[in-house]
Amino acid sequence: MPLLSMRKPLAAKKTIPQVRFIEISAEWAGQRLDNFLVRECKGVPKSHIYKAIRSGQVRVNKGRTKNEYRLQVGDLVRIPPMRMPDPEAAPVVPAAQFPIVFEDDYLLIINKPEGIAVHGGSGVAFGVIEQLRAARPEAKLLELGHRLDRDTSGLLIVAKRRKALVAIHDMFRQGHIDKYYQALVEGDWVNDKQHIKAPLLRWLTVSGERRVRVDPSGKAAHTIVRLLQRFGQYSLIEAELKTGRTHQIRVHLAHTGFAIVGDDKYGSDQVRADFAQRGFKRMFLHASRLIMPHPVTGERLHIHAPLPAAFNQAIQFLEKSH
1 MPLLSMRKPL AAKKTIPQVR FIEISAEWAG QRLDNFLVRE CKGVPKSHIY
51 KAIRSGQVRV NKGRTKNEYR LQVGDLVRIP PMRMPDPEAA PVVPAAQFPI
101 VFEDDYLLII NKPEGIAVHG GSGVAFGVIE QLRAARPEAK LLELGHRLDR
151 DTSGLLIVAK RRKALVAIHD MFRQGHIDKY YQALVEGDWV NDKQHIKAPL
201 LRWLTVSGER RVRVDPSGKA AHTIVRLLQR FGQYSLIEAE LKTGRTHQIR
251 VHLAHTGFAI VGDDKYGSDQ VRADFAQRGF KRMFLHASRL IMPHPVTGER
301 LHIHAPLPAA FNQAIQFLEK SH
C-alpha cells in the first residue's frame, strides 16, 4: 500500500488586484461614478469605494472627481487595486425576493416592506437591491430607479436595462412620473385638498444623522395632500409628490402640524409609543400608486400597491375607536 503524502497541498495563487482602466461606452453614459464603481467592484465595501474616490485613487480622464459625477461617453476611469471578496467565501448578502407588482424585460416594480433599506451603506450592510442581485445572479443589470426611506413601504422601481434606467432618471427629473403615498397622520385634517409649498434644507445632527427642515435657503418642494378619511385625532391622507426632496412628505406634514404616526425623526414620541403598545410598530407611510409612461415602450402604466396588513389593522382599530 503506497504511503500517504503528508505534504500540504499547494495553495492556489491568489490574483493580485491590478489597476484597471475602463473606457465608458454609450451603455454606461449618464451613470453616477459611485454607482458605476459599486457595479464594477462587486463585493468591495462601499466605504472603500468612497474612500478611493475621495483620496484621488479613482480618477476620470486622469483627474480627481466626485461621487456624483455622471460619466460621459469616452471617459477613461482609473480603478485602483481593491481587495475583492474570496470567491469561495459564503455570500454575505442573503438572497431575497420581494412581492412583484409589475415586471417585463426592462422594469421590475416591487412592493417593498417597511423596515428594509433600499441599498447598503451608512451602517446598513445590504438592502433591497443587493438582495435582489443575490437572488438573480443571471441578471445583467439591476439598478434602483429611485429611493424610498427604510421605514416607508410600497412601490419601488428597479431597472433591468441601462436604457430603461437612463429614461427613468430623465422622467423623474422632468416630472413625468406621478408618485402617490398614503399616510396616517396626527390630527384632524379638514381640507379636501391642500398644496404645501415649503423649501427644504438638508442638515446633519451632532451625531451625524441626516435630517431635513423647512428653511428659506433650502430647495423648492411641493406636495399636494388629499383627505381620504378622518378619525378625530388622526387622519388618513394621500400625498402627491410634485418634487422629490429627501424626507419631503414627512417634513411637510410635520411642518403643517400633522406629523406621520410612527415617524421617529419628525413625529411625536408619545404617539409612536401609544401605537407601539397596541402592536402597531411602524411608520405609517406607504408608496401606494405610480402613474408613468413605460421608459421604453411609452405605454401608460398605472401601478398600485395595496396597504400592508399592519397599516389596514391600524385603520380598522381607529374606525372602531372613533
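If you read the sequence shown in the UniProt record's numbering, its first letter stands for residue 1, the second for the next number, and so on.
The C-beta atom is built at its ideal place from N, Cα and C for all residues, glycine as well.
Worksheet item: Are E130 and V77 touching if we call contact CB-CB under 9 Å?
Response: Judged by their CB atoms, E130 and V77 are not nearer to each other than the 9 Å cut-off.
Item to complete: Would you mind sorting K112 into buried or exposed? The rule is 16 or more other CB atoms within 10 Å of its CB.
Response: Within a 10 Å sphere around the beta-carbon of K112 sit 16 or more other beta-carbons, which makes this residue buried.
Worksheet item: What is the rounded straight-line gap between the Cα of L71 and the Cα of D274?
Response: Taking the straight line from one Cα to the other gives about 49 Å.
Worksheet item: Quick one: what's H169 bridged to in DSSP?
Response: According to DSSP, H169 bridges with nothing at all.
Item to complete: Give the C-beta separation of G145 and L165 to the nearest angstrom, bearing in mind that I take them to be a contact with Cβ-Cβ under 8 Å.
Response: Sure, about 7 Å apart at Cβ, within 8 Å.
Discussion item. Just to confirm my understanding: we take R210, look at its own chain, exclude 5 residues before and 5 after, and list those with CB closer than 7 Å. What are they?
Written reply: So the qualifying residues of the chain are R202, L204.
Worksheet item: Are there 16 or more other CB atoms within 10 angstroms of the CB of N61, so buried, or fewer, so exposed?
Response: By the neighbour-count rule (16 or more Cβ atoms within 10 Å), N61 is not buried but exposed.
Worksheet item: How big is the Cα-Cα spacing for A135 and K46?
Response: The C-alpha of A135 lies about 20 Å from the C-alpha of K46.
Discussion item. Which runs of the beta strand (DSSP E) at least 3 residues long sit entirely within the segment 189 to 221? Give them in chain order.
Written reply: For the segment 189 to 221, whole beta strand (DSSP E) runs of length 3 or above, ordered along the chain, are 193 to 197, 200 to 204, 210 to 214.
Item to complete: Could you say which of Q31, I260, G218 lies nearest to K281 if we only look at CA atoms?
Response: Of Q31, I260, G218, the residue nearest in Cα terms is I260.
Worksheet item: Just curious, the beta strand (DSSP E) that R300 is in, first and last residue?
Response: Taken as a continuous stretch (DSSP letters only), the beta strand (DSSP E) holding R300 covers 300 to 304.
Worksheet item: With distances taken between CB atoms, is the gap from L301 to Q248 smaller than 9 Å?
Response: Going by beta carbons, L301 and Q248 fall outside the 9 Å limit.
Item to complete: Under the assumption that Y180 contacts L285 (Cβ atoms under 8 Å), give the Cβ distance between them as a whole number of angstroms.
Response: Contact doesn't hold; Cβ gap of about 12 Å is too wide.
Fill in: The alpha helix (DSSP H) enclosing Y180, as first and last residue numbers
In the DSSP annotation of this structure, Y180 is not part of any alpha helix (DSSP H); the continuous beta strand (DSSP E) holding it starts and ends at 178 to 186.
Discussion item. Contact defined as beta carbons within less than 8 Å: I believe H255 pairs with A220. What is the distance between those atoms, to the nearest angstrom?
Written reply: Rounded to whole angstroms, the Cβ separation of H255 and A220 is 14 Å, and the two are not in contact under 8 Å.
Practice prompt. Run the CB neighbour count on T223, radius 10 Å, all protein chains shown included, and call it buried at 16 or more, exposed below.
Written response: T223 should be labelled buried.
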